[in-house]
Each structure stands twice: as C-alpha cells, then as structure tokens.
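I have placed the structure first, in the form of structure tokens, so that the comments after it can refer back to it.
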DNA sequence: CAATAACTTGACTAGATAGTCAACTACTAT
DNA sequence: ATAGTAGTTGACTATCTAGTCAAGTTATTG
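Residue numbers (the working numbering), protein chains in the order written: chain A, 356 to 558; chain B, 356 to 558.
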C-alpha cells in the first residue's frame, strides 16, 4: 500500500557512481541527492545515514555483477580460461572508464575498504565481506586448476594469496596512476605465479 | 632575521601521521593544527592550503626515508638480498603499526595517490612522483639481478611491473584488510615472478 | 472512491570547515 | 640595544555538512 518510487535505487546508483569516482569521504549526502534527483528528506526516508547507503549500494552493485561472475567462473569453463576471461573483463571495464571518466577507477570495494578502515567500521566490514566473496571465485579456479594438474604450485593457498594480491594490486595501481598499464600483462604474471612454464604460456 | 620556530616541521609531521591513519579527505586543517599544537593562523603562515601541506609533508617524509632506501638498495648488496631486506623492513614497519595503531596502514604515497586522483591534481601528481622514485630502486635491483644471471625472466620490464604490483598490492591489501597476511609470503612470490626455481628459493 | 501507507518537500538546526586578518610577541642580526 | 622580521594569536566570515521534521502529495488496495 501507498505510493511507489525508484528513489531508493537512484540513490544507490548515484552513491556507487560518485563514491567510485571521488572516494567515500569526498562525497557528500547533498551531492548524492543532487545526482539522484532526490531531496534530502527523501534520502533520510530510505537510509538512516550515508554509511547505511554505502552499504546498501555495495550490496546492490554486487547483486548486479554476480551473474557475470557466475558465468565467467562457471565450473563448465577450464580453470585457467576463467582467470583469463576475468582479467579480460577487468581490462575492458577499466578501458571503458578511461574513456568515460578520463582515468581508470579500480575496484570500488577495494578502494572503499582502504579508505573506510578506522573511520566507518560497518562500511569497512561490508567492503571486506564483498572482497571476500570476489576472492572465492579465484580460489575455486586455482584449486580446480591444481586438481586438474594444470599448474605447478607447492601450496595452493599461497598461490591464491599471490594471485589475489596481483589482481587487486593491479586494479589499485590502475586507479592510483590513472592508466591501464598495470593490467596489461596481468594474466601472464598470474600464470607465472601458478608455475605455468613459458612454453605452455606461449601456446 | 626574526623569530624561529619548528611549527612548520610539527605541521608536516602531524599531517603525515593523520593522513596515513585516516586518509587525506577525512583529515581537517583543524585536526592537523590541534595535533601539531599550532593555531590555524600559523598554519596559513606556513602553507597556503591543505594540499600544499600534503605535498610538503610527502617531500619531508621521503627525505626522511631516503637514507634507509639507499642503504638497503646499495649496489654493494646482492640484488636479491636487497629485495629480501626491503620486504623484511616493510613487514616490520607494518607490524609496528599493527601494534601502535591497531591495524596495518599500508604505503602512504599509494593511499594518497588512490584517493587524490580527480580531486587534487597537484597532490596526485606529487604522490605519483614519489611512487616513481620508490619504484626506481626495485627496477635497479631487478636489472642487476638479470645482469648477474640470478634470475630467469624473458622481459625484465615486465618482471618489474609484476613485482611492483605485488609489493604495492600487498601493502594496499594490508591496509584494506588491516592485517599483515598479504606481506607474509611476499618475497617468495617475488622470486616466483623472477623465475627463481624452487630449489634455489629453498636454499 | 476513500482510507491509508509510502513517499516528497522545503525549511530548519547545530556544528564543522577552510580560509582571513590585524594586532601582538619574541627572536636575530647588526 | 634595538630595528626589523618571522612567527603567533584569537576572533572573525562564509560556506558546507549531516541530519530533522511537520506538513503536503500521490499511488495502491480494499
């Protein structure tokens, strides 16, 4: 019963966009309202604070990306193909941002996690939770690759750790320096950490 | 002529500390003044803006760390020892922060670079410049290692790129998640990117 | 078609924020 | 010892900021 509205969705979209561009602390409630075309009173009708919106917006963004993640990391795809395809998608996404925003913006969860630590415990916790979910796809791919004898690693957990550092590190660097350079040879570097030999890599 | 003072130094130290903890946008001029024990009027006597202070503070911090960097990356040390020692120092530094601050804070230049893009062009440029200076030490070590036949890489530039991503990525992750986990096996992962064989690594 | 719940609005508060300024103080060099 | 300069102070402005609220509007459902 009662009136309906998409203001809540518009607020989450505006928050995602602005936070990705400028970072959490540089974005004001007023700016989010303006971009969403919503008055501040309505903002506080839907969300109890800026932090609450940030958390809701992360969930929204994750739900939106999940189908793509599930498709790319489908158990039906060969494990190394999953990683390759995923890195290609990362690259394309950041390329699009370079064009539309003038620079690469990196991973929104990671940037938010770096920025919110020690300031906004609930935002920090939520961002880390979504990073953990993202990481699970990588873990599964590496474990599958190991089980199928496609890679040469002593300790799969350590390999996951290194690959995760490479991936989030490359995205973070692409934001820090604004260009796509860090993403260019990423798949090759991942293969190296996985102990895939040069001859196989070139195949 | 005239009165002397260390207020400028105190302001730079306070800015470095607070920005490292909370990030650039979350730190106010008032907070910096309070921590430095300096009134706002004095702040603007020494710096024309918060951005100008941030840039001066980066330079100050870099000058302070440079001697250590020069010692660790001395051409007199074997190239791989330089990298190993440097990673050990990174680890110790973040460990100290875990104790004193309750969490790892990562690399101040990198965090600042991620946060200032698109908002504070001069701060962004400066942070990237200092990151570039830091990177040069890694480059030299990798090139030397290659020249001395200690490593097995096809393309040294690509190896530097990957190692740099691993290092800054691990520091960034240590901030994002607040613990030291990402730094633990860092040297091993670096060796893997350098194509150092398992047997040699274990030696 | 009406009751009512869901949403909207604009005006409001209280405190934070960057930056200014003129008068004041104390040190340093001559 | 003193003139001049570098540094200090507190009070000030104008704007921004998160968050509140009571009264108004509109869609939904019975």
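Note that CB positions come from ideal geometry on N, CA and C, so glycine has one too.
Where residue 403 of chain B is concerned, there is no enclosing alpha helix (DSSP H), because DSSP gives it neither an H nor an E.
Rounded to the nearest angstrom, the gap between the Cα atoms of residue 445 of chain B and residue 356 of chain B is 42 Å. By the beta-carbon neighbour count (other beta carbons within 10 angstroms, threshold 16), residue 426 of chain A is exposed.
Between the beta-carbon of residue 533 of chain A and that of residue 466 of chain A there is about 13 Å, and that puts the pair past the 8 Å contact cut. If you check each beta-carbon in the stretch 509-520 of chain B against every beta-carbon of chain A, the ones closer than 8 Å belong to 509, 513, 516, 517, 519, 520. A:472 is the residue among A:522, A:472, A:437 whose C-alpha sits nearest the C-alpha of residue 483 of chain A. Contact annotation for residue 381 of chain A against chain B: 380, 474 [CB-CB distance below 7 Å, chain order]. In chain order, 473 make up the part of chain A whose C-beta sits under 7 Å from the C-beta of residue 376 of chain B. The Cβ neighbour count for residue 491 of chain A, taken over all protein chains shown within 10 Å, is under 16; the residue is labelled exposed. Taking one beta carbon from each stretch, the stretch 541-553 of chain A and the stretch 522-529 of chain B have fewer than 3 pairs nearer than 8 Å; the two do not touch. Under the criterion of beta carbons closer than 8 Å, residue 541 of chain A and residue 442 of chain A qualify as touching, at roughly 5 Å. Residue 482 of chain A: member of the alpha helix (DSSP H) spanning 476-502, first to last residue.
Neighbours of residue 540 of chain A across chain B, judged by C-beta separation under 8 Å: 513, 516, 517. Ranked by Cα distance from residue 370 of chain B, the first of B:501, B:516, B:408 is B:408. Spatial neighbours of residue 375 of chain B in its own chain (CB-CB distance under 7 Å, excluding positions within 5 residues in sequence) are listed in chain order as 460, 463. Segment contact: the stretch 395-414 of chain A against the stretch 474-489 of chain A, three or more CB-CB distances shorter than 8 Å; contact assigned. The beta carbon of residue 458 of chain A falls within 8 Å of a beta carbon belonging to chain B, placing the residue at that interface. If you keep only unbroken alpha helix (DSSP H) runs of at least 4 residues inside the stretch 375-444 of chain B, you get 384-391, 395-401, 405-427.
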